[in-house]
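>
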Amino acid sequence: MDDPLLIGGEEFASRLIMGTGGAPSLEVLDRALVASGTELTTVAMRRLDPGARGSVLDVLRERGIKVLPNTAGCFTAGEAVLTARLAREALNTNWVKLEVIADERTLLPDPIETFDAAERLVADGFVVLPYIGDDPILARRLEQAGCAAVMPLGSPIGSGLGIRNPHNIELIVESAQVPVILDAGIGTASDAALAMELGCSAVLLATAVTRARKPDLMAAAMRGAVEAGRRAFLAGRIPRRRYAEASSPGRPFQDG
Amino acid sequence: MRITINGDPHDLDDGSTLTKAVQTLTRQPTGIAVAVNDEVVSRGAWDATPLTEGDRVEVLTAVQGG
């Protein structure tokens, strides 16, 4: 099925965007990434550890996966803008998943700082993909500010609670002209399928795969779920109804 | 002069360049980026960037995350 995901003028055949956090080793991560079929994967920026051996960048380069730096760990717009600029310099990409969190306990995104950073990064020529709460108005404002996509959460990062407010996700999808990427909270395959059935353009997940008992098997499950959910969305689900509707009308011993 | 590199204090000769500071951490400057006092300094400018007392140098790279 030729149905590419379009972000910032680039095409992706896969609608599953992976994160790399939480994997016990680069080998496990590598197998999971391959099984997921992902073509776009996030990395974080941290102080260089001279003793570190092997790099997530080597894995991504080897597999031909586009790197999407994030600003994870930033609490202010200023920190996020500097982190994005360092990522652009280090990784030679002007794409950034903008993530400005409000506190350690919830890891919920700070809408004020996020919007401030988004405006500054768009003005600086970045392709900005902001991580936000499931707020349709903030999503609209960020799109108007020039973001290339919006990434509402399903539930808090790493919680595995799935999509807590499907109605809001639908509202965001309805009015967005840029891709809506469901980010955070995915626990298992049915959550990813639901995100796509609601009309999201893609799903971003990490923990659900990297901390699963068998990461590569869960990655394959997520790949299938995203594809199935996308097809179901395009096919159009039947309306929900209160009572049964016979699929075989009539009775065998009765005239039509 | 005393500067900080990734939060740790370092004593470098007066007039040392940013290249010298980066070399205290790594001799393979690929996949990294450097900021001095919260401003990114691109790789091509390291040699021409002298450091001064109290400068804060940050050297970052990509790691697993997100």
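One line per chain: the protein sequences are D and X, in this order.
Just so we're aligned, residue 3 is where the first sequence starts under the working numbering, counting upward by one.
Just so we're aligned, residue 48 is where the second sequence starts under the working numbering, counting upward by one.
Every residue, glycine too, gets a C-beta built ideally from N, C-alpha and C.
Computed from a predicted model, the values in this text were never measured in an experiment.
1. Taking 7 Å as the cut-off, does the CB of T96 (chain X) come closer than this to any heavy atom belonging to the ligand ZN?
2. Output the boundary residues of the beta strand (DSSP E) element that contains F128 (chain D).
3. Between which residues of its own chain and G78 (chain X) is the CB-CB distance below 8 Å, once the five residues before and five after are set aside?
4. So, with DSSP's three-state summary, where would you put F255 (chain D)?
5. E91 (chain D) versus chain X: which residues are under 7 Å apart at the beta carbon?
6. Closest to L163 (chain D) by CA distance: which of D:G127, D:P181, D:A246, D:D185 is it?
7. Between the beta-carbon of V175 (chain D) and the beta-carbon of L200 (chain D), is there less than 8 Å?
8. For T67 (chain X), I'd like the list of residues in its chain whose CB is within less than 7 Å of its CB, leaving aside the five on either flank, ordered along the chain.
9. So, does the CB of S57 (chain D) fall closer than 8 Å to a CB anywhere in chain X?
10. Going by the DSSP bridge assignment, what does V118 (chain X) pair with across the sheet?
11. Is the Cβ of T108 (chain D) closer than 8 Å to any Cβ of chain X?
12. From the beta carbon of T66 (chain X), is the nearest beta carbon of chain D less than 8 Å away?
13. Mind pulling the alpha helix (DSSP H) runs of 4 or more residues that sit fully within the region 103 to 167 of chain D?
14. Based on Cα-Cα distance, which residue from D:A214, D:A208, D:A54, D:V228 lies nearest to S192 (chain D)?
15. Taking 8 Å as the CB-CB limit, is A95 (chain X) close to chain D?
16. Just tell me which of D:G39, D:V98, D:P111, D:G160 has its CA closest to the CA of T209 (chain D).
17. For the region 87 to 94 of chain D against the region 72 to 86 of chain X, are there 3 or more C-beta pairs whose distance is under 8 Å?
18. Count the other CB atoms, across all protein chains shown, that sit within 10 Å of the CB of A245 (chain D); report buried if there are 16 or more and exposed otherwise.
19. When the Cα atoms are used, what is the spatial distance from A92 (chain X) to E172 (chain D)?
20. Which same chain residues end up closer than 7 Å to A141 (chain D) when comparing Cβ atoms and leaving out the 5 residues on each side of it in sequence?
21. Kindly list, in the order they appear in chain X, the residues whose Cβ is closer than 7 Å to that of N72 (chain D).
22. State yes or no: is the C-beta of V88 (chain X) within less than 8 Å of the C-beta of L72 (chain X)?
23. I want to verify the contact list: residues of chain D whose CB lies under 8 Å from the CB of N53 (chain X), in sequence order.
Well, looking at it:
1. This structure lacks the ligand ZN, and indeed carries no ligand of any kind.
2. Counting along the chain, F128 (chain D) falls outside any beta strand (DSSP E), and DSSP gives it neither H nor E.
3. T108, A109
4. coil
5. A80, V87, S89
6. D:D185
7. yes
8. Sequence inspection shows Lys at residue 67 (chain X); the Thr mentioned does not correspond to that position. Once the five neighbours on either side are set aside, the close Cβ partners of K67 (chain X) are L59.
9. yes
10. Nothing about residue 118 (chain X) can be read from this structure; chain X reaches only from 48 to 113.
11. no
12. no
13. 113 to 125, 138 to 146
14. D:V228
15. no
16. D:G160
17. yes
18. Looking at the sequence provided, one finds Tyr at residue 245 (chain D) rather than Ala. By the neighbour-count rule (16 or more Cβ atoms within 10 Å), Y245 (chain D) is not buried but exposed.
19. 48 Å
20. I134, V152, P154, I174, A178
21. G112, G113
22. no
23. R49, L50
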